[in-house]
Amino acid sequence: MKTISVYILILILIIGCTSKEHTLSTGDQSQVIKNIIKAVNEKDANSYVAGFAENVEVYVESELKINGKEALQKNRAHHFEKYPKVYSQIQYLLEIDNKVIMHDKVWLDEKNESGQDIVEIFTFNNGKISRVDVVQPKNLFK
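What follows is the structure in structure tokens.
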């Protein structure tokens with residue numbers, strides 16, 4: 001949890017010191033993340049998992065929630081079925097070494113005009129995402 005807090009602090013400092021024009025990284029790892037967001041907006045679970053390692057782990061608030069690429073694909077397919085109007089938009093994207101920190105805004109339907117803020121830290125190994133740490137509102141997916 002301490003590591004997540006440090007990355008969030010770094011993100012907040014950068015957001016506060018950077019103009020909106022310079023907030024999207026353009027490296028190869030960032031492109032993988034942009035492809036994930038495109039897959040969310042197209043409701044395509046197979047494309048969503050393309051950049052993930054077979055043994056990926058997804059943590060929400062430091063608790064392991066998804067273990068493995070197949071489990072992630074099933075989770076995303078179910079999510080897209082449950083929320084057919086889900087839409088995501090990257091607010092900030094920052095690459096530091098083998099990590100990409102993303103702040104995105106998610107709308108589950110049209111009723112939620114302001115969207116929900118989510119911060120994710122993606123860890124890459126050998127060009128694939130091996131770990132994701134997610135910070136999101138506790139009531140986001142009720």
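Heads up: the sequence shown begins at 1 in full-length UniProt numbering, then just goes up one per residue.
Glycine included, every Cβ here is placed at the ideal spot set by N, Cα and C.
All values derive from a computational prediction rather than experimental measurement.
Exposure of Leu64 is indicated by the presence of fewer than 16 other C-beta atoms within 10 angstroms of its C-beta. When the alpha-carbon of Ser30 is set against those of Leu140, Ile121, Val134, the nearest one is in Ile121. With fewer than 16 neighbouring CB atoms inside 10 Å of its own CB, His78 falls in the exposed class. CA-to-CA, the gap between Val56 and Val135 works out to about 17 Å. The C-alpha of Val106 is placed about 9 Å away from the C-alpha of Ser114.
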